[in-house]
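Residues 10 to 120 (the numbering used here) are what the first sequence spells out, left to right.
Idealized CB from N, CA, C, for every residue including glycine.
Please read all numbers here as calculations on a predicted model, not as lab measurements.
Below: the structure, in structure tokens.
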Amino acid sequence: MTDFFQQVYALTSKVPKGKVTTYGTIAKSISTRNARRVGHALHSNKNSRVPCHRVVFANGSLAPGYAFGGPTVQKKKLLSEGVGFTTDGKVDLNRFFFQLGDFKQSENIPD
DNA sequence: TTCCTGACTTTAC
DNA sequence: AGTAAAGCCAGGA
Numbered sequence: 010m011t012d013f014f015q016q017v018y019a020l021t022s023k024v025p026k027g028k029v030t031t032y033g034t035i036a037k038s039i040s041t042r043n044a045r046r047v048g049h050a051l052h053s054n055k056n057s058r059v060p061c062h063r064v065v066f067a068n069g070s071l072a073p074g075y076a077f078g079g080p081t082v083q084k085k086k087l088l089s090e091g092v093g094f095t096t097d098g099k100v101d102l103n104r105f106f107f108q109l110g111d112f113k114q115s116e117n118i119p120d
């Protein structure tokens with residue numbers, strides 16, 4: 010397991026309830042530009058600990074190959090956490106996008 | 001070790 | 001605005 014993976018898991022785990030982040034954002038916060046690696050990391054981790062359902066595409070849509078039952082389940086989980094969706098079936102990043110700079114205050118879990 | 005595919009993003013038409 | 005193609009880098013076979 011690479012340190013890169015650990016970082017991805019760490020950041021993903023720090024996303025507060027009711028918020029989501031994107032692959033690209035996580036990728037950029039680490040020493041890489043490749044968002045795909047982030048996706049691979051989460052996919053490899055799917056059977057374990059990280060709330061991967063809080064990680065979405067840059068356009069707000071959900072992962073096409075979500076391992077816990079598909080995007081539908083992922084969406085349901087997000088809705089349960091208070092994350093709103095648009096009529097397009099995408100996450101409303103305007104209100105629920107969790108920025109990297111917010112990770113430092115994630116311990117307070119806003120809202 | 002090499003080749004192929006992929007939970008992505010961005011630019012171009 | 002919507003669709004298509006290219007680029008990146010690693011993991012799995």
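Could you spell out where the alpha helix (DSSP H) holding residue i opens and where it closes?
i	result
Phe-13	12 to 23
Val-47	44 to 54
Ile-35	32 to 38
Pop quiz: residue i and residue j are said to be a contact at Cβ under 8 Å. What is the actual Cβ separation, rounded to whole angstroms?
i	j	result
Phe-94	Asp-101	6 Å
Phe-13	Ile-39	6 Å
Leu-87	His-62	6 Å
Lys-84	Leu-71	6 Å
Lys-99	Asn-68	7 Å
Quick one: residues in its chain with C-beta nearer than 8 Å to the C-beta of residue i, no 5 flanking neighbours on either side, listed in chain order?
i	result
Arg-58	Tyr-18 and Ser-22
Asn-117	Summary for Asn-117: the model assigns pLDDT 48, below 50, so the residue's position carries little reliability; its value from the coordinates is reported in the next sentence. Nothing meets the Cβ criterion.
Near residue i, which residues of its chain fall below 6 Å by C-beta distance, leaving aside the five closest residues on each side in sequence?
i	result
Ser-53	none
Phe-112	Lys-23
Phe-105	Lys-28, Val-29 and Val-92
Ala-44	Tyr-32, Gly-33 and Ala-36
### Whole runs of the alpha helix (DSSP H) within the region 61 to 108, excluding any shorter than 4 residues
80 to 89 and 102 to 105
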